[in-house]
Amino acid sequence: MVLEVALIDVKPGQEDDFATAYAKGHPVLAGTPGCRSVRMTRGVESPSRFVLLVEWDSVEAHVREFRETERFTTWRSLIGPFFAAPPVVEHFTDVPA
Numbered sequence: 002m003v004l005e006v007a008l009i010d011v012k013p014g015q016e017d018d019f020a021t022a023y024a025k026g027h028p029v030l031a032g033t034p035g036c037r038s039v040r041m042t043r044g045v046e047s048p049s050r051f052v053l054l055v056e057w058d059s060v061e062a063h064v065r066e067f068r069e070t071e072r073f074t075t076w077r078s079l080i081g082p083f084f085a086a087p088p089v090v091e092h093f094t095d096v097p098a
């Protein structure tokens, strides 16, 4: 399992519209094969900053089943207009305790 972390800065004043667009796009992302869970969080100190957390079976599942498909195009067309800058996206794996 890998965790995709996307840091998203939204244009000030458009946070509520972004959240509405995310709600519309959530099923597109969450229904992707290989997607285990999706969560969006919003900054308390920086309310125009959001963090998207997506658990994938693998990086390959994220790329092959989502990024390289029409699902990504649909997702980005919903939320992309609200971006203040391109999101910073990285993948992470758990560190054993």
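Per the numbering used here: the sequence shown = residues 2 to 98. All residues carry an ideal CB built from backbone N, CA and C; glycine is no exception.
Give every residue of the same chain whose Cβ lies closer than 7 Å to the Cβ of tryptophan 76, excluding the five residues on either side of it in the sequence, and list them in chain order.
On the sequence shown, position 75 is the one that residue 76 refers to. Same-chain partners within the cutoff: Gly26, Val29, Leu30.
Would you mind working out which of Val45, Val11, His63 sits nearest leucine 79, comparing C-alpha positions?
In the sequence shown, residue 79 corresponds to position 78, counting from 1. Closest option to leucine 79, Cα to Cα, is Val11.
Mapping DSSP to helix, strand and coil, what is aspartate 58?
As a working mapping, residue 58 is identified with position 57 in the sequence shown. The answer is coil: DSSP assigns aspartate 58 none of H, G, I, E or B.
Suppose the cutoff is 7 Å on Cβ atoms and the five residues either side in sequence are ignored; what does the same chain contact list for methionine 41 look like?
Against the sequence shown, residue 41 aligns to sequence position 40. The answer, listed in chain order, is Tyr23, Phe51, Leu53.
Sorted by chain position, which residues of the same chain lie with C-beta nearer than 7 Å to proline 48's C-beta, five sequence neighbours on each side aside?
Counting from 1 along the sequence shown, the entry for residue 48 is found at position 47. These residues qualify, in order along the chain: Glu16.
Return the chain-ordered list of same chain residues with a C-beta closer than 6 Å to the C-beta of valine 90, the five sequence neighbours on each side being excluded.
One-based indexing of the sequence shown puts residue 90 at position 89. Taken in chain order, the residues that qualify are Ala7.
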